[in-house]
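A short worksheet on the structure shown next.
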Amino acid sequence: MTAETSDDHLLAAEKLEVRYGATQVLWGISFNIFRGKVTCIIGSNGAGKTTALNTIAGVLPVAGGKIFLDRRDITALSSRDRVKQRIALVPEGRQLFPGMSVEENLMMGCFLPEFRKQAQSSLSRVFDLFPRLKERRRQLAGTLSGGEQQMCAIGRGLMSSPQLLMLDEPSLGLAPRLVDEIFALIGNIARQGVTILLVGQNVNYTLQVSQYGYVMETGRIALEGPSEMLFNNDYVRRAYLGATEQA
Ligand SMILES: Nc1ncnc2c1ncn2[C@@H]1O[C@H](COP(=O)(O)OP(=O)(O)OP(=O)(O)O)[C@@H](O)[C@H]1O
Ligand SMILES: [Mg+2]
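Note that the numbering used here has the sequence shown beginning at 22, numbered continuously upward.
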């Protein structure tokens, strides 16, 4: 069965090739995002994880390959049209507007007219999920702690009620306690039925919160399988979990 013919797959990427100018970065990678589940991509720095997410979001054009959402070819859709198809990206490094309040930043998540009428209900849903953001709704985003900024970035991603939420390194730079908190929140969002594609630098947590994973190396998929299998895989343990031979 080819990727785009399965009902289990909300999104299927087929043989994606992406270049930055003359430099090819993705070499024909294929992966599926499982409906209602957390799928992850792990891999070392520079492997092409962010490039893959940006390609799905339509921020980067493909040099080859196709992207299917619910079996429909969306390869030619603009990033704006992909947001309308309820694909949301929470980018690496959060990219909040520091001089705007928490609430104003969240509202940027429903900038398209199609989403404006649901803004208030989306805002209450985000505040239910992140009570701390509600308390700080008038605070400038630039003065939030790192963990709160990440919550605000994830909250902004949820404002368009995405069917696919892509999270790029959500725990980057956070203290261990906050890393716990962010991964617990990702689990909560997934339990609400949102399909998630997670790129995680914290491989241990990322494999624990996800059900299926892809290991990317220099623009190719080196390994894939159920997250539990990857977690117990000797190669993954040595390369990404810091395990020694005996571990
Ligand atoms: N705008 C760009 N122009 C040229 N090369 C780029 C650009 N963005 C990324 N690259 C290169 O593409 C490759 C993949 O980068 P990418 O950011 O996708 O990796 P990554 O897996 O997300 O890494 P990290 O774990 O460090 O975030 C790297 O070699 C990077 O230098
Ligand atoms: Mg990256």
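All C-beta atoms in this analysis are idealised placements derived from N, C-alpha and C, irrespective of residue type, glycine included.
Under the three-state reduction of DSSP, N75 is assigned to helix. The segment 134-148 makes no contact with the segment 70-89: fewer than 3 CB pairs, one atom from each, lie closer than 8 Å. DSSP, read as helix, strand or coil, puts N66 in coil. A residue is listed when its beta-carbon falls short of 5 Å from at least one non-hydrogen atom of ligand 1; in chain order these are Y41, V46, N66, G67, A68, G69, K70, T71, T72.
Under the three-pair Cβ rule at 8 Å, the segment 244-261 does not count as touching the segment 209-222. E124 and L179 have their C-alpha atoms spaced approximately 13 Å apart. Nearest to D28 by C-alpha distance, out of I88, R92, G69, T60, is R92. Taking C-alpha positions only, G120 is separated from L161 by approximately 6 Å. Restricting attention to alpha helix (DSSP H) runs no shorter than 4 residues, the segment 138-198 encloses them at 140-150, 152-156, 167-179, ordered along the chain. With at least 16 other beta carbons inside 10 angstroms of its own, M237 counts as buried. Here R159 is exposed, its C-beta having fewer than 16 other C-beta atoms within 10 Å.
The beta carbons of C61 and Y233 sit closer together than 9 Å. Linking I210 to L185 through their CA atoms gives a straight-line distance of about 11 Å.
With a cutoff of 8 Å, V39 does not count as near ligand 2, since its C-beta is closer than that to no heavy atom of the ligand. V220 has its CB nearer than 8 Å to a heavy atom of ligand 2.
Between the beta-carbon of E135 and that of D189 there is about 24 Å, and that puts the pair past the 8 Å contact cut. Under the DSSP assignment, Q229 falls in the alpha helix (DSSP H) whose first and last residues are 224-230. DSSP, reduced to helix, strand and coil, places M237 within a strand of the structure shown.
Spanning the alpha carbons of M129 and R177 requires a straight line of approximately 7 Å.
A straight line joining the alpha-carbon of L31 with that of R259 spans about 32 Å.
Following the DSSP letters along the chain, one finds N53 inside the beta strand (DSSP E) bounded by residues 44-55. In this structure, the beta-carbon distance from P183 to R107 falls below 9 Å.
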